[in-house]
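**Q** Residue numbers (our numbering): 1005 to 1277. Cβ coordinates follow ideal geometry from the N, Cα and C atoms, glycine included. Small disclaimer: the values here were computed from a predicted structure and weren't measured. Right, I'll just put the structure down here and ask away after.
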């Protein structure tokens, strides 16, 4: 630094100012190395599930790495006239911004993957990448750059009625999609075992029932003649389809699935009979 001061002249200039120079200068040291910061939600953040439009309380935490890329902007907008601005000061400034953006990048990942918010933990890497993208513009205003951004965990209150409601929807949809095949396969195994253990007349009845169930598994051509002989064999599959259709209709009436989803699944169920 060069002051350009002339000793004798300096004293004359400083006389009106109590012997102190009116031309002061300050030196600010800025650490431009990468700094690791942590973030977390002090209380649950209310986020609406964009798929089912149900609001859930979400807790999350993680960490991120930042560095100063524009010292002038950082000093002017963050440090100001403070004599010291340390790690804790930066933490208090930035953490609220991260939490504010939390709902944005979680919703973005949920919509992109078409999954309910309760399954966001399966996409933490993608959510972390979205978090970095969403927070970058806010940090750049302060002369900072987000080097890395990580979400370590996203949690939900298991006792939250809304959380339980979404879990029930997922369970019901899973049952509708798998109940038919699983039930038919189990019945076929049961009937086969019964036929092996009872080689008499009851075996014929068991085989007829098994063939009737087989029709629900795309075996209509093979079982056509048997249907004429024993209509009772197809009854379990019909009853199963009726139950599945009733449950599917209840999901539609409750607004938990769309008309398009209802029509598609209804067609699949009817085709399986």
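Am I right that residue 1170 and residue 1056 are in contact with their C-beta atoms under 8 angstroms? What's the rounded C-beta distance?
**A** 6 angstroms
**Q** For a test of the three-state rule: what should DSSP assign to residue 1073, helix, strand or coil?
**A** coil
**Q** For residue 1296, name the three-state secondary structure that DSSP assigns.
**A** The structure shown does not extend to residue 1296, since the chain spans only 1005 to 1277, so no value can be given for it.
**Q** Quick check on this structure: which residue in 1167, 1245 and 1073 has the alpha carbon closest to the alpha carbon of residue 1037?
**A** Closest option to residue 1037, Cα to Cα, is 1073.
**Q** Out of 1141, 1061 and 1246, point me to the one whose CA is closest to residue 1276's CA.
**A** Of the candidates 1141, 1061 and 1246, the one whose C-alpha sits nearest the C-alpha of residue 1276 is 1246.
**Q** Name the residue from 1031, 1147 and 1168 whose alpha carbon lies nearest to the alpha carbon of residue 1121.
**A** 1168
**Q** Using 8 angstroms as the threshold, is the stretch 1040-1048 in touch with the stretch 1058-1067, meaning 3 or more CB pairs across them?
**A** yes
**Q** Would you kindly work out how many angstroms separate the C-alpha atoms of residue 1271 and residue 1262, rounded to a whole number?
**A** About 14 angstroms.
**Q** Please report how far the alpha carbon of residue 1165 lies from the alpha carbon of residue 1175, in whole angstroms.
**A** 15 angstroms
**Q** So, with DSSP's three-state summary, where would you put residue 1090?
**A** coil
**Q** Between residue 1151 and the rest of its own chain, which residues show a CB-CB distance below 7 angstroms, the 5 nearest in sequence each way excluded?
**A** 1038, 1069, 1070 and 1071
**Q** Kindly confirm or deny that the stretch 1077-1095 and the stretch 1110-1126 touch, where touching means at least three C-beta pairs closer than 8 angstroms.
**A** no
**Q** If we call anything under 7 angstroms between Cβ atoms a contact, is residue 1135 one with residue 1078?
**A** no
**Q** Which stretch, first to last residue, makes up the alpha helix (DSSP H) that contains residue 1130?
**A** 1128-1144
**Q** Could you please give me the residues that DSSP links to residue 1059 through a beta bridge?
**A** 1052
**Q** Apart from the five residues on each side of it in sequence, which residues of its chain come closer than 6 angstroms, Cβ to Cβ, to residue 1081?
**A** In its chain, beyond the 5 residues on either side, 1146 have a beta carbon closer than 6 angstroms to the beta carbon of residue 1081.
**Q** Check residue 1064 in the structure and name its three-state DSSP category.
**A** strand
**Q** Since residue 1154 contacts residue 1132 with CB under 8 angstroms, what's their CB separation in whole angstroms?
**A** 5 angstroms
**Q** Between residue 1113 and residue 1130, is the Cβ-Cβ spacing less than 7 angstroms?
**A** yes
**Q** Residue 1040 lies in the beta strand (DSSP E); which residues open and close that run?
**A** 1039-1044
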